[in-house]
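Q: A single structure is presented below for examination.
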Amino acid sequence: MKPLLLSAALLLPLSAHAQSYPEATSIVAIGGPVTEIVYALGEGDRLVARDTTSQFPPEAEALPDVGYMRQLSAEGVLSVGPDLILTRDTAGPPEVLDQLRAASIPLVPVKDGFSEASVIAAIHTVGEALGVPAKADSLATEIETQFDSLDQARTEAGTPPRVLFILSNQGGRLNVAGDGTGADGIIALTGAENVMSGAFQGYKIMSDEAIIAAAPDVVLMMDSTGQSEHDANKSDILDLPALSQTPAGQNHAFVQVAPAALGFGPRTAHFATELHNALWAAAE
């Protein structure tokens, strides 16, 4: 086990020990990765509702939807009669979370993050909250093994491709990922380089000049619903004047990734491994 992951695995349960609710059977999960962890721990039958971002596994979609995680209403969450709320710490608005706490419903925040350690820490937080720390230990060990395999793949790979992640195309104006984003995190996990890392935080619309200067080897976007749409996105993006002057545009190097890969849950190592392979293949 890597030292960083060992630290997260050992320290997190201690800090969260007081937040354990093994008797809770009417749980609301807010945040796709949180919901995935509950199911991965084999505790999905304790859920009574989830938020809009919780779409995996498929059985989660059969649960009542209490709304988008950053636009929650206290009434919507309380309407399903929860005895425990598990939520990403970036959910909101803050005043709604305050109202939920005031309703005397236990609320356990699961820290958001975009790293291997954050995935392992989230598993331990949820496992402790559900009163199943042994299951969390087992799941964490399984996922650490997957990350170890990814680490080996990174070590054996050649020159890291330079990647530009595009969140959206607004009439030729590209909104791209900088630091502190799920896109930057998943690119880093693959061993590739985000060309905008260190330039700014979050997402930002960049000028044509900045994109040309960044010279990405590969353009990365979230995936579409079908092959024809994939082809349309590739053509629409790579034919833009700025991108057509980059190595990515000239080599038609375009990759798409599942939106869930930017959430950092139990499938993160799997997503990162697939993306690692796709990015290196596109950059050849």
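Going by full-length UniProt numbering, the sequence shown opens with residue 1, and the numbers climb by one from there. The beta-carbon is built from N, C-alpha and C at its ideal position, and this holds for glycine as well.
#1: Cβ of residue 194 within 8 Å of Cβ of residue 184?
#2: Residues in its own chain within less than 6 Å of residue 249 by CB, not counting five upstream and five downstream?
#3: Taking just the CA atoms, how far does residue 148 sit from residue 259?
#4: Can you tell me whether residue 82 is buried or exposed? The criterion is at least 16 other CB atoms within 10 Å of its CB, across all chains shown.
#5: Straight-line CA distance for residue 285 to residue 53?
#6: Assuming residue 130 contacts residue 41 under a Cβ cut-off of 8 Å, what Cβ separation, rounded to an integer in Å, is found between them?
#7: Looking at C-alpha atoms only, which residue of 216, 240, 256 is the closest neighbour of residue 222?
#8: Cutting at 7 Å between CB atoms, please list the residues of its own chain near residue 278, excluding the five before and the five after it.
#9: Could you tell me whether the Cβ atoms of residue 38 and residue 47 are closer together than 8 Å?
#10: Just to confirm before moving on: does the CB-CB distance between residue 107 and residue 87 stay below 8 Å?
#11: Could you check the C-alpha separation between residue 104 and residue 23 for me, to the nearest Å?
#12: State the start and end residues of the unbroken alpha helix (DSSP H) segment that holds residue 136.
#13: Exposed or buried, residue 296, counting other C-beta atoms within 10 Å across all chains shown (16 or more means buried)?
#14: Whole angstroms is fine: what's the gap from residue 158's alpha carbon to residue 76's?
#15: What is the C-beta distance between residue 269 and residue 143, in whole angstroms, given that I count them as a contact (C-beta under 8 Å)?
#16: What three-state label does DSSP hand residue 68 in the structure shown?
#17: Would you identify the three-state DSSP class for residue 28, choosing helix, strand or coil?
#18: Could you pull the DSSP bridge partners for residue 108 from this structure?
A: In short, the structure shows the following:
#1: yes
#2: 238, 243
#3: 23 Å
#4: Classification of residue 82: buried, given that the 10 Å Cβ count is 16 or more.
#5: In the structure displayed, the chain extends from 1 to 284; residue 285 sits before or after that span and is not available.
#6: 7 Å
#7: 256
#8: Here the set comprises 255.
#9: yes
#10: Yes, they are a contact pair.
#11: The alpha-carbon atoms of residue 104 and residue 23 are separated by roughly 16 Å.
#12: 133–156
#13: The chain is shown from 1 up to 284; residue 296 falls before or after that span and cannot be answered.
#14: 50 Å
#15: 6 Å
#16: Here residue 68 sits in coil by DSSP.
#17: strand
#18: In the DSSP output, where bridge partners are listed per residue, residue 108 has 86.
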